[in-house]
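Visitor: Numbering (my numbering), first residue to last: 12 to 70.
First the structure, which I've put down as structure tokens, then a few questions once you've had a look.
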């Protein structure tokens, strides 16, 4: 039972996240043989002010 965690900055639409979940599910199923109903995807959205890069806080 694969669990996939995706972390990304907030701001994507529901439609974008639905498309991402669909495609990731298909790829994971194809490459692992796991049935799609056993694949779980968790999307963690990061607020723009809560990400640092290159020594600086972004957003």
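For glycine and all other residues, C-beta sits at the position ideal for the given N, C-alpha and C.
Look at the Cβ atom of residue 64, then the Cβ atom of residue 18, and state whether they are nearer than 7 Å.
Guide: Walking along the chain shown from the start, residue 64 turns up at place 53. Walking along the chain shown from the start, residue 18 turns up at place 7. Taking 7 Å as the Cβ cut-off, residue 64 and residue 18 do not qualify as a contacting pair.
Visitor: Going by C-alpha to C-alpha distance, which of 51, 50, 49 and 68 sits closest to residue 58?
Guide: By 1-based counting over the chain shown, the position of residue 58 is 47. Of 51, 50, 49 and 68, the residue nearest in Cα terms is 68.
Visitor: For residue 53, is the classification buried or exposed, using 16 other Cβ atoms within 10 angstroms of its Cβ as the cut-off for buried?
Guide: The residue given as residue 53 occupies position 42 in the chain shown. It counts as exposed.
Visitor: Mind checking residue 43: buried by the 16 CB within 10 Å criterion, or exposed?
Guide: Here residue 43 is taken as the residue at index 32 of the chain shown, counted from 1. So residue 43 counts as exposed.
Visitor: How is residue 69 classed by DSSP in three states: helix, strand or coil?
Guide: As a first step, residue 69 must be located in the chain shown, where it is residue number 58. In this structure, residue 69 counts as strand in the three-state DSSP scheme.
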